[in-house]
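Numbering (this note's numbering), first residue to last: 1 to 160. C-beta atoms are modelled at their ideal positions from N, C-alpha and C, and glycine is treated no differently.
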């Protein structure tokens, strides 16, 4: 079920460069959030693990790759649509809702996954896991009026 289409890199240079480093190294470099950050005040980001989420553009139909915080539990992953607490959901969220077939690269491992938004008690559990990995998520939620969505990704093979 690999996604097919033309890849369109992010317009954001940091995201584009980070994805390129991650992929060109086979997932051995660029596996933490702060790897390309040079500002001293962002040193704490250096230990936050990241993965690459690949979606199909809901409007463009093009392949899109996004850097997201790695939140894994028993082979499933959560991706948090925080956008740093911005007033709108990130574009990748809309892509994954429109077409839940996604790919995930965690280090050297690439997997076909299926995404679904979680709510209620399940969201509470995944939110706590996400905040444990990246405490700033709690601050992001406090800084926005929207409820930050959480999507859980499961290997596509498990969903058949």
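Which residues does DSSP pair with residue i in a beta bridge?
i: residue 154; result: 114
i: residue 32; result: 49
i: residue 14; result: Answer is none; residue 14 lacks a bridge partner.
i: residue 109; result: 106
i: residue 163; result: Nothing about residue 163 can be read from this structure; the chain reaches only from 1 to 160.
i: residue 7; result: 63
Looking only at its own chain, which residues have a Cβ that is under 8 Å from the Cβ of residue i, when we skip the five neighbours before and after it?
i: residue 16; result: 9 and 10
i: residue 150; result: 78, 79, 80, 81, 117, 118, 123, 126, 127 and 130
i: residue 109; result: 27
i: residue 212; result: Coverage of the chain is limited to positions 1 through 160, which leaves residue 212 absent and any answer about it impossible.
What does a CB cutoff of less than 7 Å around residue i pick up in its chain, not counting 5 residues either side in sequence?
i: residue 67; result: 15, 18, 19, 50 and 52
i: residue 95; result: 55, 56, 57, 58 and 64
i: residue 3; result: 54, 56, 63, 101 and 103
i: residue 138; result: 131
i: residue 47; result: 32
i: residue 73; result: 129
i: residue 5; result: 56, 61, 62 and 63
i: residue 25; result: none
Quick one, are the C-beta atoms of residue i and residue j less than 8 Å apart?
i: residue 154; j: residue 114; result: yes
i: residue 69; j: residue 104; result: no
i: residue 152; j: residue 76; result: yes
i: residue 54; j: residue 102; result: yes
i: residue 22; j: residue 84; result: no
Within a Cβ cutoff of 6 Å, which residues of the same chain sit near residue i, ignoring the five residues on either side of it in sequence?
i: residue 111; result: 104 and 155
i: residue 106; result: 51
i: residue 7; result: 63
i: residue 29; result: 21
How close, in whole Å, do the beta carbons of residue i and residue j come, if the pair is a contact with beta carbons under 8 Å?
i: residue 144; j: residue 86; result: 7 Å
Ordered list of alpha helix (DSSP H) runs contained in the segment 52-107, each at least 4 residues: 91-98
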